[in-house]
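All remarks here apply to the structure that follows.
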Amino acid sequence: MNNRVVTIIPSLYDGGAEKFAADLSFGISEENELLTLIYNTTEETYPHSGKLIDLQVAETNGVLKKIKRQFSIKKKIKAFKEKNSFHVSISHMLMANMLNLLTKKNEKTICVIHGEWSIKSGKGRFIDYFIKRIYRRADMIISVSHFIKQRFDEYYSLQVPHQVIYAGIDIDAVEEQATKKLDINLPTTYIVYVAGFRPVKNHIKLLNQLEAYLKEEDISLVLLGDGPLRNAIEKEICKLGLQEKVLVLGNMSNPYPVIKKAKASVLYSSSESFSLVVVESMALGVPVIATDCGGPREILLFNNEEEVPLPFRNDFGILIENPEKTNTCNLSSEIDFLLKNKDVWENISENGKKRSKAFSIKKATEAYNHLISTIIAS
9 MNNRVVTIIP SLYDGGAEKF AADLSFGISE ENELLTLIYN TTEETYPHSG KLIDLQVAET
69 NGVLKKIKRQ FSIKKKIKAF KEKNSFHVSI SHMLMANMLN LLTKKNEKTI CVIHGEWSIK
129 SGKGRFIDYF IKRIYRRADM IISVSHFIKQ RFDEYYSLQV PHQVIYAGID IDAVEEQATK
189 KLDINLPTTY IVYVAGFRPV KNHIKLLNQL EAYLKEEDIS LVLLGDGPLR NAIEKEICKL
249 GLQEKVLVLG NMSNPYPVIK KAKASVLYSS SESFSLVVVE SMALGVPVIA TDCGGPREIL
309 LFNNEEEVPL PFRNDFGILI ENPEKTNTCN LSSEIDFLLK NKDVWENISE NGKKRSKAFS
369 IKKATEAYNH LISTIIAS
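Here you go:
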């Protein structure tokens, strides 16, 4: 175990990228000496392996103070790298990728792209021009799906080596955590949506699409997640008169018992680079209904470039229209079809479990460990 590896990520909690990095740490630390640097302090962290170091840079408000904070983080990462010699530094998400590359010493740098927010700043082409120049310093770029790799390559057209390593889940751990006892009362029959309360996740549209169905049928909707739109979502629930039909649980360190008991797991996002929760739901035998928004297509179809009519049903799940591309939606009818056809439900449940094994953390770990040893040797 001579290879020293540092992972740089904002935190190890509250997100798919954070969960993946935490799960990945177990496999990387088996073959390398691993340290993880975080700079956004959280009350909880996902289970992880290796030494965790919090740079403890206080959160700030205001544009100028936030910019100043990034310079403070950069300074601390630079000092840490100067004090500790590493063979490889791996970073996850846009700002961590920028900080990793701006503090590059003699180590090999690997930048992991988890979504469109790892590509564009959202601040315009002028800022993205500088992001492109910084990404040129990377030794390797990894995307968690072909969808997001294509988006990145089309936007930046870099000559940096770029490959796809699917994000993965620890299936055994997910199954074990799903058996834990719940201290909350859940509806008898419900569908679940696990996602951060952000515009791209379309919670408001989802509530309006399901309003009539939820009122007519003996079924509820459980929302797992949190974020800046929580108040707006809760107000919409009241406005639509769905207080008795929609349960908002917020973030949970262990959401798997809730997912496990659901009749279906819904993904209603406009854009998704991969979606760990889709794979987790499938691993737990919960049929998935997902919008055609990038990553889910690669999970539910063997050929992600295949043209299929929407809604599309196969043995692994159901793909529906992207809410950004249509004013009509088949979500209610697909939920109804799934719940009223036991044979279909059981077939998707069983085959979804099998399909989820293609996206195991074991496969991802093997790919990253091979990459680490190869990039050092080069």
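Per my numbering, residue 9 is the first one in the sequence shown, and the count goes up by one each step. Note that CB positions come from ideal geometry on N, CA and C, so glycine has one too.
Between residue i and residue j, what straight-line distance do the alpha-carbon atoms span, to the nearest angstrom?
i, j, result
"F79", "K27", "26 Å"
"V287", "S364", "5 Å"
"I192", "V266", "10 Å"
"M260", "N92", "35 Å"
"V14", "Y174", "20 Å"
"I383", "K116", "7 Å"
"Q171", "V152", "9 Å"
"L257", "N105", "32 Å"
"C8", "I142", "Limits of the chain in this structure are 9 at one end and 386 at the other, which puts residue 8 out of reach."
"S33", "K247", "44 Å"
"G70", "R77", "10 Å"
"Y163", "I139", "11 Å"
"V254", "F205", "15 Å"
"I328", "R305", "10 Å"
"V202", "L214", "12 Å"
"C337", "K361", "27 Å"
"D234", "L63", "25 Å"
"L218", "I241", "14 Å"
"H56", "A220", "43 Å"
"I343", "F94", "50 Å"
What residue does the beta strand (DSSP E) around residue i start on, and which one ends it?
i, result
"L42", "E41 to I46"
"V316", "No beta strand (DSSP E) contains V316, which DSSP labels as neither H nor E."
"T299", "V296 to T299"
Which partner residues does residue i have in the DSSP bridge list?
i, result
"A87", "According to DSSP, which records beta bridges pairwise, A87 is partnered with nothing at all."
"G132", "Partner(s): none; G132 has no beta bridge."
"I199", "L229 and A272"
"D62", "I46"
"S97", "V14 and T117"
"L327", "A298 and F320"
"S33", "Beta-bridge pairing links S33 to no other residue."
Between which two residues does the alpha helix (DSSP H) carrying residue i extend?
i, result
"S357", "K350 to S364"
"L110", "L102 to L110"
"S283", "Here S283 belongs to no alpha helix (DSSP H), and DSSP marks it neither H nor E."
"S381", "I369 to A385"
"L308", "G303 to L308"
Classify residue i as buried or exposed, calling it buried when 16 or more other Cβ atoms lie within 10 Å of its own Cβ.
i, result
"Y137", "exposed"
"Q185", "buried"
"P317", "exposed"
"P169", "exposed"
"F134", "exposed"
"E38", "exposed"
"E244", "buried"
"A270", "buried"
"E386", "Checking the sequence, you will find Ser at residue 386 rather than Glu. Burial call: exposed."
"P207", "exposed"
"S19", "buried"
"S273", "buried"
"D178", "buried"
"R209", "This sequence places Lys at residue 209; Arg is not what is there. K209 should be labelled buried."
"Q144", "Looking at the sequence provided, one finds Arg at residue 144 rather than Gln. Under this definition R144 is an exposed residue."
"E224", "exposed"
"H122", "buried"
Going residue by residue through the region 134-215, where are the continuous alpha helix (DSSP H) segments of at least 4 residues, counting only ones entirely within it?
Listed in chain order, the alpha helix (DSSP H) runs fully inside the region 134-215 are 154-164 and 179-185, counting runs of at least 4 residues.
Which ranges does the alpha helix (DSSP H) cover as unbroken runs of at least 4 residues, wholly within the region 230-255, from first to last along the chain?
Unbroken alpha helix (DSSP H) stretches of 4 residues or longer found wholly inside the region 230-255: 238-247, given in chain order.
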